[in-house]
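Count the sequence shown with mature numbering (1 follows the signal peptide of the UniProt record, and there is no 0) and you get residues -24 to -1, 1 to 216, in order.
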Amino acid sequence: MPACSSFRGVLGLLAMLNLCAAGAQTVAIDIGHTLAAPGAISARGRSEFEFNRDFARVLVPALNALGVPTVLINPDGDIASLRDRPQQAAAMGADLLISIHHDSVSAFELTPWIWAGQVLDYSDTFAGHSIFVSRENPQLPASLLCARVIGARLQRLGFEPTHKNARRRAYADETHAVHYYDGLAVLRHARIPALLFEAGVIKNRDEELLLRDPLRQARMADGIATAIAACLRNGAPAGS
C-alpha cells in the first residue's frame, strides 16, 4: 500500500483519517497498450493508448477522493511486457487491478472516410462499455464481484453497455455486460482480483467525442470509483 501521506488537501486528509488507519485496500490502475504498440486507432486518428492514459488520470483522483489509495501501472507507455503489468501491481502492494482500455470493431465492419486530410475508418454500429474477467485468475469470485458492481453502477448512472463482445466472449453476467476472456495475460497472470474495462468504442464517431468529454470522463470515473470502493469494502479480499 502507498504511504497514506500521499493524500493531499482537505479531502485527502479526511480520506486518510477515515480509511488509511484502517488499512484501506489499494487499487492498481493499468494504462492499456504502449506508445510503441498503441492499440486501436480512433475514427479521428487518435491512439487507444492516449484514450486509456487520459481516463486513467481521471480515475486516480476519483478513487483517492473516496479514500482508496492507487498505484498507476505503465504511466509512460513503455512497460516491457504484458506480464509485467500484474507483476508490478503485486510488487506495489495492490489488492485489485483494473486495466483501462477502449474498444474497437472487426476490420470487416469498418467504413473508410476522410478526416482532417487523413484516410481513416469508422464504424457507428456499436457503442458502449464492457468488462472482462478471466477464469484463469485465482481470484475469479472477487474479480467477478467487482466487475458486476462496476457494471451495475454505470448503468444506474445512465451509461449503456455494448453487447457486441458476446459474439466472441461468453457472458459472466449478461445484465451488466461482464464477459469471460480467459486468455488475457493481464488478467490470468494476476494473483490478485483483476478486471479489464473497455470504456467505449473509439471507432464510433459519436462515442469517440463523448469519450473525450472531460465532464463525461469524470462522471464515469466517479461511478467506477464508487463501485470499486463498495466492492473493496464489502467483498473483495486483500491481495496479500
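Heads up, the beta-carbon is just placed ideally off N, CA and C, and yes, glycines get one too.
Just so it is clear, the structure is predicted and the values come from calculations on it, not from any experiment.
Item	Value
At least three beta-carbon pairs within less than 8 Å, the stretch 166 to 177 to the stretch 111 to 129	yes
Rounded C-alpha distance that separates G53 from I178	19 Å
Alpha-carbon spacing of V3 relative to H78, whole angstroms	19 Å
The beta strand (DSSP E) enclosing I126, as first and last residue numbers	Careful: I126 lies outside any beta strand (DSSP E), inside the alpha helix (DSSP H) at 116 to 132.
Nearest neighbour of R129, chosen from Q63, V81, T151, D189 [CA to CA]	T151
Alpha carbon of A(-4) to alpha carbon of A201, nearest angstrom	Since pLDDT at A(-4) reaches only 37, below the 50 mark, its modelled position is unreliable, and no value is offered.
Reference A32, options A12, A67, L73, closest by Cα	L73
Pair within 9 Å by beta-carbon distance, Y157 and R145	yes
Simplified DSSP assignment, three categories, for L160	coil
Q64 classed as buried or exposed, judged by whether at least 16 other C-beta atoms fall within 10 angstroms	buried
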